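The structure appears below as structure tokens.
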Amino acid sequence: MDNNDAHTMKFKALEGDFDAAHAFVEGLLNRADINDQVAHETLIVFEALFQKLLDLGLPESTEIDISRANKLGGFSVMVGFEGKPFNLYSNGEDSIEDKIIRSYDDKLDCSYRAGYNLISVSVSRSYRTRLFACALATLAAVVVYLPLHFLLDDSTKYSLLEDYLVPVETMFANITLMVGAPITFFSLLKNLTDTYVVSQRNSGMRRLKTRTIATSVVAILLAIVAAHFWSIPFAGLAGLEPEYAGAEFNRTFAEIVTSSAPSNIFEPFETISPIPLMLVALLVTYALCSAGKHFDMLRGAMEACYTLFSRMLYVVTATLPLFCFLAFLEVLLTDAFWSIPVILGYLFVLHASLILLIASYAVQLRAHGIKPIPFARKLIPLIRENIKIGSAIDATSYNVRYCARTYGLSREKLERNLPVLAQINLDGNCFLIMLIGLIFVFITGTRFTAFDIVILGALVLLLSVGAPNQPGSILIGTLIITAYLHSYDLICVAIYLEAFLGTAQNMANVIGDIVTVAIDESDSIRQ
1 MDNNDAHTMK
11 FKALEGDFDA
21 AHAFVEGLLN
31 RADINDQVAH
41 ETLIVFEALF
51 QKLLDLGLPE
61 STEIDISRAN
71 KLGGFSVMVG
81 FEGKPFNLYS
91 NGEDSIEDKI
101 IRSYDDKLDC
111 SYRAGYNLIS
121 VSVSRSYRTR
131 LFACALATLA
141 AVVVYLPLHF
151 LLDDSTKYSL
161 LEDYLVPVET
171 MFANITLMVG
181 APITFFSLLK
191 NLTDTYVVSQ
201 RNSGMRRLKT
211 RTIATSVVAI
221 LLAIVAAHFW
231 SIPFAGLAGL
241 EPEYAGAEFN
251 RTFAEIVTSS
261 APSNIFEPFE
271 TISPIPLMLV
281 ALLVTYALCS
291 AGKHFDMLRG
301 AMEACYTLFS
311 RMLYVVTATL
321 PLFCFLAFLE
331 VLLTDAFWSI
341 PVILGYLFVL
351 HASLILLIAS
361 YAVQLRAHGI
371 KPIPFARKLI
381 PLIRENIKIG
391 SAIDATSYNV
401 RYCARTYGLS
411 REKLERNLPV
421 LAQINLDGNC
431 FLIMLIGLIF
441 VFITGTRFTA
451 FDIVILGALV
461 LLLSVGAPNQ
471 PGSILIGTLI
481 ITAYLHSYDL
491 ICVAIYLEAF
501 LGTAQNMANV
511 IGDIVTVAID
521 ESDSIRQ
């Protein structure tokens with residue numbers, strides 16, 4: 001056994017050495033900025049892997065390597081050894097190890113090259129790491145701005161903005177949309193296909209799917225109410241008059257119909273046109289779910305494409321602190337410190353408006369015979385833990401255990417339904433993206449009709465169902481909507497919303513998931 005390097009270790013395929021390997025992996029997780037629940041679940045996966053390696057009957061002379069590979073947004077723990085190809089599910093679905101590994105399949109990868117097996121377990125860092133980096137970048141922008149303010153005249157500042165900062169921010173937005181359009185497409189395919197598969201096996205999922213759509217529509221309607229409420233005071237803060245006249249939101253029914261059917265299948269991705277993109281995604285989803293014997297093959301190809309673009313998005317969002325720096329520097333060079341109250345006010349408005357969404361959940365709970373206050377008290381520890389984890393999907397296993405233990409909900413139903421709800425029940429995305437778009441429509445004097453609001457709401461609903469539940473979803477949704485509204489000067493706002501609104505969005509989504517499964521369980525008991 002060799003442990004000279006803090007990030008690598010070699011051990012033999014012996015039961016005593018597996019104990020040392022377990023301690024080594026635990027040390028890796030403790031030294032990194034990893035949430036306790038994520039670290040606990042990662043160790044459970046490794047225990048299952050180690051047991052399968054013992055059951056494999058490797059020769060005692062076989063050396064197994066454990067190493068840490070850094071990646072954007074986290075790191076991977078690699079387990080490698082020479083020998084025959086290793087199958088993660090070789091013992092069949094009945095073994096406890098297989099059940100554990102299948103539960104965390106999205107974090108595992110296994111490859112075999114030139115006689116060498118390599119197993120990778122992905123570990124995500126805490127959301128606090130990225131939040132701290134963005135806050136530090138904002139502070140750095142202030143530090144850089146101060147000497148520029150005193151040393152440069154107005155024309156030089158304008159030249160710096162137009163020739164350097166704005167083009168770089170536009171490049172970032174274009175790259176995000178370049179990756180965001182296909183990942184939204186494949187995410188919508190994946191989420192709807194997963195829902196279809198679960199619905200085929202369980203009729204209860206169909207009821208949950210209907211309830212999810214209903215709650216998302218309610219979230220969009222609440223966003224419209226909140227946008228009307230905040231538009232006038234916020235327009236005054238921003239120095240704008242809320243006169244509903246003049247911009248490029250107003251579209252006729254004929255224009256929407258003729259533009260919704262692209263002349264070729266690649267056009268929605270080239271033009272980032274949300275309506276054609278959503279229609280193509282729905283068409284492909286229907287075709288995929290009715291593919292018969294080819295379904296598994298096509299679904300595997302779709303999930304491979306989703307994984308590819310998801311990893312591309314991780315690369316893009318890893319640069320977010322840099323563009324937070326550039327975005328805030330642009331704001332300071334444009335309006336000095338006068339724009340800071342506007343930014344802070346906008347963030348306050350978005351966070352405060354979530355009270356409406358939370359209140360709607362309380363009404364739903366009361367309507368289904370669940371007392372909201374005791375329910376909320378029990379929910380607080382779960383929310384705290386989810387804030388630390390930072391992702392509704394990564395927190396699914398913890399949420400299943402917590403809800404089964406604290407609320408007494410059926411663990412079997414939770415394990416079946418909660419992972420799907422974490423993908424499709426995105427009330428937080430619906431509410432916040434609709435609110436963001438409408439506030440700018442109202443305060444900038446854009447002419448609109450009720451039909452325009454309906455179309456925007458439908459787009460937000462489909463974009464939210466297709467939103468990748470990972471860092472970048474708010475950024476992509478906001479950029480696609482601002483492109484639809486022709487508000488390209490809001491790129492810096494989209495960057496800051498992604499940086500500092502992610503926790504609120506994730507919490508709204510998680511609360512929506514828990515409320516949905518609790519109501520479903522209550523209805524099932526009463527029936």
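Once you know that position 6 of the sequence shown is 6 in the numbering used here, the rest is easy, because the numbers rise by one and skip nothing. Ideal Cβ placement from N, Cα and C applies to all residues, glycine included. All of these numbers come straight from a predicted model, not from anything done at the bench.
Measure how close the beta-carbons of K190 and Y306 come, nearest whole angstrom, since I'm counting them as under 8 Å. One-based indexing of the sequence shown puts residue 190 at position 190. One-based indexing of the sequence shown puts residue 306 at position 306. Correct: roughly 5 Å between the Cβ atoms.
T170, buried or exposed, once every other Cβ within 10 Å from all chains shown has been counted against 16: Residue mapping note: residue 170 aligns to position 170 of the sequence shown, counting from 1. Exposed: under 16 other Cβ atoms inside 10 Å.
Do you know how far the Cα of S522 is from the Cα of I514? Here residue 514 refers to the residue found at position 514 of the sequence shown. Here residue 522 refers to the residue found at position 522 of the sequence shown. Between the alpha carbons of I514 and S522 lies a gap of roughly 12 Å.
Would you kindly work out how many angstroms separate the C-alpha atoms of L288 and A404, rounded to a whole number? Here residue 288 corresponds to residue number 288 of the sequence shown, with the count starting at 1. Here residue 404 corresponds to residue number 404 of the sequence shown, with the count starting at 1. The C-alpha of A404 is placed about 34 Å away from the C-alpha of L288.
With DSSP run on the structure shown, which of helix, strand or coil describes T170? Indexing the sequence shown from 1 puts residue 170 at position 170. Three-state result, T170: helix.
According to DSSP, is F75 helix, strand or coil? For the purposes of this step, residue 75 is identified with residue 75 of the sequence shown, where counting begins at 1. Reduced to three states, the DSSP call for F75 is strand.
Please report how far the alpha carbon of D520 lies from the alpha carbon of I511, in whole angstroms. Residue mapping note: residue 520 aligns to position 520 of the sequence shown, counting from 1. Residue mapping note: residue 511 aligns to position 511 of the sequence shown, counting from 1. Across the structure, D520 and I511 are spaced so that their CA atoms are roughly 14 Å apart.
Return the CA-CA distance between S120 and I101, expressed in angstroms with no decimal places. Residue 120 sits at position 120 when you count from the first residue of the sequence shown. Residue 101 sits at position 101 when you count from the first residue of the sequence shown. Cα-Cα distance, rounded: 12 Å.
Is the beta carbon of F75 closer than 8 Å to that of N529? Lying before the first or after the last residue shown, residue 529 is absent from the chain, which here runs from 1 to 527.
Please state the DSSP three-state secondary structure of L151. If you number the sequence shown from 1, residue 151 lands on position 151. Helix at L151.
Contact set for I491: own chain, Cβ-Cβ below 8 Å, skip 5 residues either direction: What you label residue 491 is simply residue 491 of the sequence shown in a count that begins at 1. Same-chain partners within the cutoff: E169, T170, F172, A173, A327, L479 and T482.
Quick one, which of Q200, Y196, R401 and F150 has its alpha-carbon nearest N386's? Residue mapping note: residue 386 aligns to position 386 of the sequence shown, counting from 1. Comparing Cα-Cα distances from N386 to each of Q200, Y196, R401 and F150, the minimum goes to R401.
Just to confirm my understanding: we take T212, look at its own chain, exclude 5 residues before and 5 after, and list those with CB closer than 8 Å. What are they? Looking up residue 212 in the sequence shown gives position 212. The answer, listed in chain order, is L421, I424, N425 and T516.
So, helix, strand or coil for F229, using DSSP? As a first step, residue 229 is located in the sequence shown; it is residue number 229 there, counting from the start. F229: helix per DSSP, three-state reduction.
To the nearest angstrom, report how far apart Q51 and R31 are at their CA atoms. For the purposes of this step, residue 51 is identified with residue 51 of the sequence shown, where counting begins at 1. For the purposes of this step, residue 31 is identified with residue 31 of the sequence shown, where counting begins at 1. About 25 Å.
Could you give the first and the last residue of the continuous beta strand (DSSP E) run that contains K293? Taking the first residue of the sequence shown as position 1, residue 293 is located at position 293. Bounds of any beta strand (DSSP E) do not take in K293, whose DSSP letter is neither H nor E.
For R416 and Y286, the rounded distance between their alpha carbons: The sequence position of residue 286 within the sequence shown is 286, counting from 1. The sequence position of residue 416 within the sequence shown is 416, counting from 1. Roughly 23 Å separates the two Cα atoms.
In chain order, what residues of the same chain have a beta carbon less than 8 Å from the beta carbon of Q364, not counting five sequence neighbours either side? To locate residue 364, count along the sequence shown from 1; it is residue 364. T215, V515 and I519.
Is it true that the CB of E330 sits closer than 8 Å to the CB of L161? On the sequence shown, position 161 is the one that residue 161 refers to. On the sequence shown, position 330 is the one that residue 330 refers to. Yes, the Cβ-Cβ distance between L161 and E330 is below 8 Å.
Look up K99 in the DSSP assignment and say whether it is helix, strand or coil. Counting from 1 along the sequence shown, the entry for residue 99 is found at position 99. K99: helix per DSSP, three-state reduction.
D427 and L357 - do their beta-carbons sit closer together than 8 Å? Position 357 of the sequence shown, counted from the first residue, corresponds to residue 357. Position 427 of the sequence shown, counted from the first residue, corresponds to residue 427. Going by C-beta atoms, L357 is nearer than 8 Å to D427.
Could you give the residue range of the alpha helix (DSSP H) that holds K388? Indexing the sequence shown from 1 puts residue 388 at position 388. Note, K388: alpha helix (DSSP H), P372 to I389.
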